[in-house]
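J.:
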Ligand code: GLC
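Numbering (our numbering), first residue to last: 34 to 485.
1) Consider the C-beta atom of residue 178 and the heavy atoms of the ligand GLC; say whether any pair is separated by less than 6 Å.
2) Do residue 177 and residue 256 come within 7 Å of each other at the CB atom, strictly closer than that value?
3) Out of curiosity, what's the CA-to-CA distance linking residue 34 and residue 369?
4) Counting pairs of Cβ atoms below 8 Å between the segment 201-210 and the segment 180-188, do you hit three or more?
5) Quick one, are the C-beta atoms of residue 351 and residue 328 less than 7 Å apart?
6) Using 8 Å for Cβ pairs, my map puts residue 431 next to residue 251. What's the rounded Cβ distance?
7) So within the segment 171-223, which uninterrupted alpha helix (DSSP H) runs reach at least 4 residues, ignoring any that extend past its ends?
8) Sorry if obvious, but does the Cβ on residue 255 come closer than 6 Å to a heavy atom of the ligand GLC?
9) Kindly examine the ligand GLC and report whether one of its heavy atoms sits closer than 6 Å to the Cβ of residue 232.
10) Measuring from the CB of residue 201, is there a heavy atom of the ligand GLC at a distance below 6 Å?
11) By a C-beta neighbour count over all protein chains shown, 10 Å radius and 16 as the cutoff for buried, is residue 271 buried or exposed?
12) If you run the structure through DSSP and keep just helix, strand and coil, what is residue 101?
13) Please go through the segment 388-440 and give each complete beta strand (DSSP E) segment of 3 or more residues, from N-terminal end onward.
14) Regarding residue 191 and the ligand GLC, is the C-beta to nearest heavy atom distance less than 6 Å?
15) Which residues mark the beginning and the end of the beta strand (DSSP E) in which residue 120 is found?
16) Can you tell me whether DSSP reads residue 284 as helix, strand or coil?
17) Using the Cβ count rule (16 or more neighbours within 10 Å means buried), how would you classify residue 60?
18) Inspect the beta-carbon positions of residue 372 and residue 396 and report whether they are closer than 7 Å.
19) Using the rule of at least 16 other Cβ atoms within 10 Å of the residue's Cβ for burial, across every protein chain shown, is residue 310 buried or exposed?
20) Quick one: Cα of residue 37 to Cα of residue 423, how far?
21) Assuming the contact rule is C-beta atoms closer than 8 Å, residue 232 and residue 305 should be a hit. Round their C-beta distance to whole Å, please.
22) Report the residue from 468, 467, 442, 451 whose alpha carbon sits nearest the alpha carbon of residue 461.
23) For the ligand GLC, any of its heavy atoms closer than 6 Å to the Cβ of residue 415?
24) Are the beta-carbon atoms belonging to residue 172 and residue 225 less than 7 Å from one another?
25) Kindly identify the DSSP beta-bridge partner or partners of residue 148.
26) Quick one: what's residue 312 bridged to in DSSP?
27) Got a sec: does the ligand GLC put a non-hydrogen atom nearer than 6 Å to the Cβ of residue 313?
28) Report yes or no: do the segment 229-243 and the segment 54-68 share at least 3 C-beta pairs separated by less than 8 Å?
29) Check whether the segment 163-171 touches the segment 90-104, taking contact to mean three or more Cβ pairs, one atom from each stretch, closer than 8 Å.
30) Pick out the complete alpha helix (DSSP H) segments inside the segment 49-78, 4 residues or longer, and give them in chain order.
31) At what residues does the beta strand (DSSP E) containing residue 257 begin and finish?
32) Less than 6 Å separating the Cβ of residue 286 from some heavy atom of the ligand GLC?
33) Return yes when the C-beta of residue 355 is under 6 Å from any heavy atom of the ligand GLC, and no when it is not.
34) Is any non-hydrogen atom of the ligand GLC found closer than 6 Å to the C-beta of residue 207, if you look at the structure I gave you?
35) Just tell me which of 479, 51, 451, 435 has its CA closest to the CA of residue 463.
36) Less than 7 Å between the beta carbons of residue 473 and residue 227, yes or no?
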C-alpha cells in the first residue's frame with residue numbers, strides 16, 4: 034500500500050539526499066564485484082588483503098557421516114550447547130539444546146573468565162541431559178571469529194569481532210584455551226574433534242542433504258561467507274594436497290572497498306575495532322539499528338523529525354536495534370499502528386503520519402543497502418566459481434537478518450536479476466537454520482572418520 038503524505042520541502046530534499054547516499058547503484062555493484070575478486074585473489078595467494086581467505090581444513094560432506102556429538106556455538110551474545118545426532122543418510126537432528134547468555138563483563142573481561150563460563154555451561158548441559166562424565170565424547174566447536182586454522186581441530190584467534198574483547202586470547206590456539214578451561218572445571222572426557230567457523234558449519238550442514246549448496250553465508254549479528262575452493266587456486270597453501278577442494282572462510286565482514294557515508298564513519302570510529310570489519314558494519318544486524326539511530330539523530334539536529342522531543346530521543350548508542358527496524362518496516366497497516374506503539378514506548382506520543390512514514394523509509398534505506406551489498410558479495414563468489422553461471426547454486430544462509438527482516442530476501446534476489454537476468458533463476462537462497470551447530474557436528478564426524 035502506498036501512503037501519500039505531504040512532506041515539508043526541507044525534509045523532502047534531505048530525504049532525496051539520503052536516498053542517493055545509501056543507494057548501491059548498478060555501477061557500484063559491478064565495481065564491488067571487481068574489487069572482491071581482486072581481494073579474493075590476493076587473500077588466496079597470501080598477499081595483504083581485506084579478505085583473509087582462511088582454509089578451513091575440510092571439504093563438503095558426503096552425507097554418510099554418522100554419530101552423536103556435542104556441539105558448541107559461540108559467536109554472539111548467546112552461547113549454545115547442543116547434542117546432535119547424524120544418521121549417516123543425510124539427516125541430522127538436534128537431541129538437546131541449551132542457550133546461555135554471555136554477559137558483557139565476560140565478553141570484555143579476561144579470556145579465562147570467558148572460557149570458564151563456557152566450560153561451566155558445558156558442565157551444566159551434560160548434567161541436565163545425563164551425558165556421562167566417564168565415556169569419551171567428541172565435541173565440535175563452532176567459534177565464529179577470524180581464526181587462522183592450523184588443523185581441523187586447531188587454530189589461533191587473529192582478532193576479536195562483534196564487540197568481544199576478552200584479553201589474552203588473540204594469538205592463542207582456541208582449542209587449547211578451551212581444553213584448559215575444561216580441565217579447570219574437572220571435565221576430562223570431552224575431546225575437541227573439530228573447530229569451525231559458523232559459515233563453514235552452515236555450508237556443511239546444508240550440503241549434507243542439498244548437494245548443490247556451494248556457499249554458506251551468515252547474515253545475523255555478524256556477516257561472513259565461505260565456499261569450496263580448488264586446492265590449486267589456494268596458492269598460499271603449504272601443506273599436503275590430499276583433496277581437490279577445501280572450504281575457504283572468507284571473513285568477508287572485513288572487506289573494505291565500499292561506498293561509506295559519514296554515519297558509517299562515526300560508527301567505525303566509536304567501535305572497539307576501528308578500521309576493521311567495514312562490510313560487516315554496513316551489513317550485519319549488530320550495526321543496522323545504530324546506523325538508523327545516527328541518521329535519525331542527524332534529522333533531529335536539523336529539526337526535521339520529532340521536533341518537540343528534543344535531542345534526547347534515541348540518544349543511547351546501540352539503543353535502537355535491528356529488531357525494532359524489522360517491526361517498523363513490517364508495519365503495513367493504514368495508520369502505521371505498530372510504529373505508533375513503538376514510538377510511544379520510546380516517549381514519543383501523538384506523532385503525525387508523515388514522521389511515521391519517514392521513519393519507515395529510513396529503515397528501508399539502511400536495510401536495502403545491507404541486502405544489496407550482501408547479494409553483491411554472493412554474486413562475486415558465484416562469478417568467481419562459475420563466471421558464466423553454467424551450474425545451479427544454492428546458498429545456505431543462517432542468521433536472523435535473513436530469516437526475519439521483512440523483504441530482505443526479495444531485495445537480494447532483485448540484485449541477481451539485475452546482474453544475471455534470466456540466469457538469476459540458477460541461484461537459490463535457502464535458510465539453513467541451526468547450521469552452525471549441526472554443521473560443526475558433521476565436521477567432527479568427517480574428522481573422526483578420516484582419523485580412523
Ligand atoms: C564475524 C566473524 C566471523 C563470523 C561472522 C558471522 O564476522 O569475524 O568469523 O563468521 O561474524 O558470525
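Think of the CB as a built atom: it goes at the ideal place given N, C-alpha and C, for glycine as much as any other residue.
T.: With the structure as the only source:
1) yes
2) no
3) Note that residue 34 has pLDDT 39, beneath the 50 cutoff, so the model's placement of it is unreliable and the number below is only indicative. Each residue's Cα considered, the two are about 11 Å apart.
4) These segments touch.
5) Cβ distance not < 7 Å, so residue 351 and residue 328 don't count as in contact.
6) 6 Å
7) 207-217, all fully within the segment 171-223.
8) yes
9) yes
10) no
11) exposed
12) strand
13) 426-431
14) Within 6 Å of the C-beta of residue 191 there is not a single heavy atom belonging to the ligand GLC.
15) It spans 111-120 - the beta strand (DSSP E) in which residue 120 sits, taken as one unbroken run.
16) coil
17) exposed
18) Not a contact, by the Cβ cut-off of 7 Å.
19) buried
20) Summary for residue 37: the model assigns pLDDT 43, below 50, so the residue's position carries little reliability; its value from the coordinates is reported in the next sentence. Note on geometry: alpha-carbon atoms of residue 37 and residue 423 lie some 44 Å from one another.
21) Actually they do not touch by this definition, with Cβ atoms about 22 Å apart.
22) 442
23) Incorrect: residue 415 has no Cβ contact closer than 6 Å to the ligand GLC.
24) Their beta carbons are under 7 Å apart, which means residue 172 touches residue 225 by this criterion.
25) Note: residue 148 sits in no beta bridge, so no partner.
26) None, per the DSSP bridge assignment.
27) yes
28) no
29) yes
30) 59-78
31) 256-263
32) yes
33) no
34) no
35) 435
36) It is a contact, given that the beta carbons lie within the stated cut-off.
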